[in-house]
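Trainee: One structure follows; several queries about it will come next.
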Amino acid sequence: MENVYSTTDLPTWTPTRREKLLAWTAHLFTATGVLWGMLAVLAVINQQWILAFAWMSVAILVDSVDGLLARRLRVKEAIPEFDGALLDNIVDYLNYTFVPAFFLVWTDLLPPRIAFVAAALVLLASAYQFCQSDAKTADHYFKGFPSYWNIMVYYMFIVGWNPWVNLVIVTLLTIFVFVPIKYIYPSRTRLYQGLTLTLVTVWGITNVVIMVTYPNHQPWQIWLSLSIAIYYMGMSLYATFRTEQKTRRAARSL
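In terms of the working numbering, the sequence shown has 1014 at position 214, counting the first letter as 1, and numbering is strictly consecutive.
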């Protein structure tokens, strides 16, 4: 059908005062992430490890729903002069990178003489990734390891791996920041989204139980949590392979 509107005649949405207030509330909700990050740092300084993970978990919870809330409230249109994506990146860098890097330095999860160097690699690699214009792809994946350092230190602490093993893990994940694997964005990636969201929910509940019962948690709970993390990595590799296959088919058809 022919477009009957000129560019200037297209319908526009003018937010009411209430809608603008709700949009600002959504941004404020995102901004609370800096508070949970600060509380996590204070807990680490006081060697309250489980409390630190609890505050990190609150930050993850906020991050998992603030995007959906912002889209529902159309914050970009309601407050076009405010960059919510920039705010989100600032908060995420604090909670997903700086806090866990601080945790690595403050604990004995890494060999003491090299802990700061490893934490510096984490900080610098993620600083690079957060500033990439295509860090999130058009089809809603993360490109490169998406700085889930808080989850990494959680497993290191709960499982109790050898510090040298932890160093190898940190090194490998730092390298993976620069490898263009497509990592699933659970709340937005369409590929098996129902299954992924269900497993992410089970994963979250399982880890809450582990933290509440620590150090008397059950081994099967850790295995369940780890198996879901392995599913996430496996599905991300599958998504990457699937995209490459489609690209090759399209190239051959030209």
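Every residue, glycine too, gets a C-beta built ideally from N, C-alpha and C.
Under three-state DSSP, which class holds Tyr941?
Mentor: Here Tyr941 sits in strand by DSSP.
Trainee: Taking only three categories from DSSP, how would you classify Tyr893?
Mentor: The answer is helix: DSSP assigns Tyr893 an H, G or I state.
Trainee: As a quick exercise: from Gln993, Tyr985, Leu821 and Tyr893, pick the residue whose alpha carbon is nearest that of Gly867.
Mentor: Nearest option by C-alpha distance: Tyr985.
Trainee: With a CB to CB cut of under 8 angstroms and the five nearest residues on each side skipped, what residues in its chain are close to Thr808?
Mentor: Annotation note: pLDDT 45 at Thr808 (below 50); position unreliable, no value reported.
Trainee: Report yes if the CB atom of Ile981 is closer than 9 angstroms to the CB atom of Phe945, and no otherwise.
Mentor: yes
Trainee: Should Ile964 be labelled buried (16 or more other beta-carbon atoms within 10 Å of its own) or exposed?
Mentor: For the record, residue 964 in the displayed sequence is Trp; it is not Ile. Per the 10 Å Cβ criterion, exposed.
Trainee: Buried or exposed, going by whether 16 or more other CB atoms sit within 10 Å of the CB of Ala1039?
Mentor: buried
Trainee: Taking 7 angstroms as the limit between beta carbons, can you name the residues of its chain near Pro911, skipping five residues before and five after?
Mentor: Pro963, Trp964 and Leu967
Trainee: Using 8 angstroms as the threshold, is the stretch 821-829 in touch with the stretch 870-879, meaning 3 or more CB pairs across them?
Mentor: Three or more Cβ pairs drawn from the stretch 821-829 and the stretch 870-879 lie within less than 8 angstroms of each other, which places the two stretches in contact.
Trainee: Can you list, in chain order, the residues of its chain whose CB lies under 7 angstroms from that of Ser1036, leaving out five sequence neighbours each side?
Mentor: Ile981, Lys982, Tyr983 and Ile984
Trainee: Going by DSSP, what residue range makes up the alpha helix (DSSP H) through Tyr928?
Mentor: Ala915 to Phe930
Trainee: Is Tyr1038 helix, strand or coil when you go by DSSP?
Mentor: Residue state, collapsed to three classes: helix.
Trainee: Nearest to Pro1019 by CA position, among Val1008, Val959 and Trp849, is which residue?
Mentor: Val959
Trainee: Given that a residue counts as buried once 16 or more other Cβ atoms are within 10 Å of its Cβ, and exposed if not, what is Tyr954?
Mentor: With 16 or more other Cβ atoms within 10 Å, it is buried.
Trainee: What does the alpha-carbon distance come out to for the pair Asn803 and Val899?
Mentor: Low confidence applies to Asn803: its pLDDT is 43, below 50, so where it sits in the model is not reliable enough to give any reading.
Trainee: Using three-state DSSP, classify Ile1005 as helix, strand or coil.
Mentor: helix
Trainee: What would DSSP say about Ile969, mapped onto helix, strand or coil?
Mentor: DSSP places Ile969 within a helical segment (H, G or I) once states are collapsed to three.
Trainee: So, using beta-carbon positions, are Ala859 and Gly837 closer together than 9 angstroms?
Mentor: yes
Trainee: Is the stretch 968-979 touching the stretch 918-936 in the sense that three or more CB pairs, one from each, lie closer than 8 angstroms?
Mentor: yes
Trainee: Which residue comes first and which comes last in the beta strand (DSSP E) that contains Tyr983?
Mentor: Lys982 to Ile984
Trainee: Buried or exposed for Tyr862, please, with buried defined as at least 16 other CB atoms from any protein chain shown within 10 angstroms of its CB.
Mentor: The question names Tyr, but residue 862 is Val in the sequence shown. Buried: at least 16 other Cβ atoms inside 10 Å.
Trainee: Comparing alpha-carbon positions, which option in Arg1042, Trp949, Leu851 and Gln929 lies nearest Thr1013?
Mentor: Leu851
Trainee: Could you tell me whether any non-hydrogen atom of the ligand MG is closer than 8 angstroms to the CB of Arg872?
Mentor: The model depicted lacks the ligand MG and carries no ligand whatsoever.
Trainee: Can you give the beta carbon distance from Phe902 to Val979, rounded, assuming they're within the 8 angstroms contact cut?
Mentor: Incorrect: roughly 25 angstroms between the Cβ atoms, too far for contact.
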